[in-house]
Every structure is written in structure tokens, then in C-alpha cells.
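Notes follow the structure.
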């Protein structure tokens, strides 16, 4: 190798180390940048020109180093695991949030909760059974019954509001997902064009990875690498982004909580209408819209229906005027509209027998048999009190289970993310070590240039004339 060839080798070494130092600086600058992937210069030794000549016999030491390629350091398997686990964690968190809000809406345990109101109604009926002609006791029954009906309507309305708010939040997430899908398709085009012209696209790929992670969290999406640096975004086996094209999503189904059981909410691709079984936070919210909230509302309706069994018992009794069948106390078809319709306490048909008839020994002031039968409804294992207790107990168990599942999913995500960042994240300690290595390598290459300069100086200026 000639001296000038050696200078070329040294120059390439200087350029390579300078490139490595520049990349290290980029890593350090973005150590706290969300979504940034650590970069590394891929250095490759260059063979000598003679290595490509079949007839050459020159014993060459090579032609230096090339450092033209800068790659992102990442593990595809860990990236996929992270996408999957972030979707699982988001779904579990959405479910836990649904149950937590339901527990808050129930107001249990508490003095204004339905459980306390049911107990107050049973107590009022029990007291009336011992004093059936006492007006204050009759008023107490009407008052406690009205409070119970209002309590059921309040909880039911709260569940309906939660349903409506959840639908609104899901609609917003889907709109954001559509915008994100379009952005990923645009970035695919930019990355493809950059790579075809030989320009770096690492930062664009980082931006795209952040967007994919957002979709993984909201929809349970995953990405698949394709040609020219592009990715496909897949949900439930359907490519929502393919190359430079993006699909759109829309919610279909019920827009009102009363229709949730007959026309469930679903996510579909438009146009086409194919329904997707999504993951992520949207899956947790759709579960809430179609299963959790309608199920809780149905249980409230069951309690309201059992409360209205009072009407059937009252129909067998006599009021203070001797009228029978007794007038109904409650009206309505569900917890949404249950209400007390009786306003006159004298109309409460709490006596099992007609009023005192001349010549008999029946004392109407002591006849509260119907009131006693109603009071006993609260003590039966299938009555409204027991049914509501079972409902609240089940809600508490489901809420704790959902919270535990969310905590577990979050822990798993943290572990997977830590593993991913150990590969693709920036370690300042490692970068500082690399900086020292590249700096010393640069200094060594510069020393080679100095040595070659001295050699050429001797060759050019101190040789060539005899006796000089």
C-alpha cells in the first residue's frame, strides 16, 4: 500500500469515528425523548482494490473502513411483545375503571345507599304492622318508599350517564385512531421515499413507532414490517394500514343505553362494515357498553321489580275506608322509572280483614297483617333486600378482580417495556463509554495521518539528489 493509499485509509478512519461521535451525540441529546430508539453506526472494513482483481498478486492490507449506515438498535420480538402487552394493560385498566365508577355510583355502604333505604322501608312497614291506624306510621311508609324509589332512579340514571359518557369517550378514541392511521400511512410514504433516495429515515421511523404504540394501546393493534421500510398495522387479522393506504373505523350499534342489549355497540371498518374484535382500551369500553353496564342495570331492574311485589300484597288487603283490592303503592316498569303513586296514607291497605262490622269482635286498630307480610318480604332470601345485597357483593368481587387484573397487566407491561428499553433505550453510561472509545480512535487515526505526513515529508523533501 502506498503512502497516499494509507492517507485515504486514515481519512476514512477519521470520517468513521467522526460519524460515530455524531451519532453518540444524537443519542445523548434524545436520552429523554419519548419513542426515541438508540442508534448505532455500522462500521465495515473495506477490501483493497486488488482484492477484486483475479490476476493481482499484491499483498494488500485493505482499504480502511466504511461508516455510511446508521441503524436503530431494536429487538423485533420485544417490540411486538410491548405492543401486545400495552393493549392488554389498557383493556384491563378500562374494565377496572368501569367497575370502580359503578361502585362509586352505588353509594354503598352509606346512609343514602339503596341498601339503607331498603332497610328503612322494611322498618317502616314493621312499625305500621303494630300500629295500623297510626297516621304518622302510614306517612313514614310513604316517605321511606318514595326515598327508595328515588334512590333506585338515581343509581339507574347514574349508570345510564356512565354508559353515555363511555360511548362518547369511545367515539373520541376511534376518531383519534382514524387520524393516527392516516398519519402512519403518510409516514410510510415518507420513509419509503427517503430510503429509495438513500437518505436516513430513523427519526421518521421513531415517530411512526410512537403512533403504532398509540394504536396498540387503544385498539390492540400490532405492526408488521414490509418492504421499503414500511409497516402494516393489523387489528384482528385485518390490515388497517397497508403500505401508503389507510382504512377508517366507525362505531355501529346502540346510541342509547336502553338499546344496548338488542343492538350492541361494535367497531367496524368503513366502507365495508366488517366488524373487528379489537383489543386495547376500546375493547374494555365496548365490554362496558355491551355487558357490564347493561348487566348492572338489569340487576337494578330486578330489585325494582321485587320492590313492586308490594303492590300484589296490598291488593289483598283493605284500606281504612274498607276498600279492596288495595291501591298500588308503586308504578313503573324498571329502576329508571319506578315511583310512588300513592299520596293518601289512608289508602294503604294494611288490614287483612274488612273494618269492624256491628255485632262482631274484630278490632280494626289491631289488624296490620298485610303490613306484616310486606315487612317480611325484606327478610326472604329471594326478596329485594337479599337480592340487592347479592348484587352489591358481586359488584365488589368483580371490581376487586378487575383491579387485580389491571395491576397484574401493568406489572407485566412494565417488565416487557424494561426489557425493550434495555435494548433500544439510551444508556448515558454506555454512550459516555462509547464516546471515549470513538474519541481515542479518532485521535489514533489523526496520529496515523501525522505519521504519514512525516514520512512523505522525508520522502519528498529529503531524498532525490545525491550529496544534497
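Numbering (the working numbering), first residue to last: 129 to 596.
Yeah, the Cβ is synthetic: ideal placement off N, Cα and C, and Gly gets one too.
Taking C-beta separations shorter than 8 angstroms and ignoring five residues to either side along the sequence, the partners of residue 234 in its chain run 241, 242, 283, 520 and 523, following chain order. The way I'd put it, the stretch 536-545 does touch the stretch 201-216; three or more beta-carbon pairs between them come closer than 8 angstroms. For the stretch 389-475, the continuous beta strand (DSSP E) assignments of 3+ residues that do not extend past its boundaries occur at 394-398, in sequence order. Residue burial is scored here from C-beta neighbours: residue 517 has fewer than 16 other C-beta atoms within 10 angstroms and is therefore classed as exposed. For residue 331, the enclosing alpha helix (DSSP H) stretches over residues 330-347. Residue 149 holds the alpha-carbon nearest to the alpha-carbon of residue 565 among 202, 135, 149 and 399.
Rounded to the nearest angstrom, the gap between the Cα atoms of residue 286 and residue 303 is 26 angstroms. Ranked by Cα distance from residue 503, the options 582, 454 and 442 are led by 442.
Ranking 454, 513 and 411 by CA distance to the CA of residue 430 puts 513 first. Cβ-Cβ separation between residue 473 and residue 446: approximately 14 angstroms, too far for a contact (criterion under 8 angstroms). Distance from the CA atom of residue 271 to the CA atom of residue 533, rounded to whole angstroms, is 43 angstroms. Residue 528: member of the alpha helix (DSSP H) spanning 512-552, first to last residue. Taking a contact as a CB-CB distance under 8 angstroms, the pair residue 455 and residue 477 counts as one, their CB atoms being some 7 angstroms apart. Within 10 angstroms of the beta-carbon of residue 238 lie fewer than 16 other beta-carbons, which makes it exposed. Across the set 422, 427 and 344, the C-alpha of 427 shows the shortest separation from the C-alpha of residue 511. In the three-state scheme derived from DSSP, where H, G and I count as helix and E and B as strand, residue 207 is classed as helix. Secondary structure at residue 196: strand, using DSSP grouped into helix, strand and coil. By the Cβ test, the stretch 309-316 is not in contact with the stretch 406-414, since fewer than three Cβ pairs between them sit closer than 8 angstroms.
Looking at the backbone, the Cα of residue 300 and that of residue 467 are separated by about 36 angstroms. Residue pairing of residue 377 in beta bridges, as defined by DSSP: 397. Per DSSP, the unbroken beta strand (DSSP E) holding residue 353 starts and ends at 350-353. Per DSSP, the continuous alpha helix (DSSP H) segment holding residue 564 begins and ends at 556-589. For residue 370, there is no enclosing alpha helix (DSSP H); the residue is part of the beta strand (DSSP E) that begins and ends at 366-370.
Judged by beta-carbon spacing, residue 449 lies beyond the 8 angstroms limit of residue 257, meaning their Cβ atoms are not closer than that value. Counting along the chain, the unbroken alpha helix (DSSP H) around residue 304 starts and ends at 263-324. The continuous stretches of alpha helix (DSSP H) do not include residue 356, and DSSP gives it neither H nor E.
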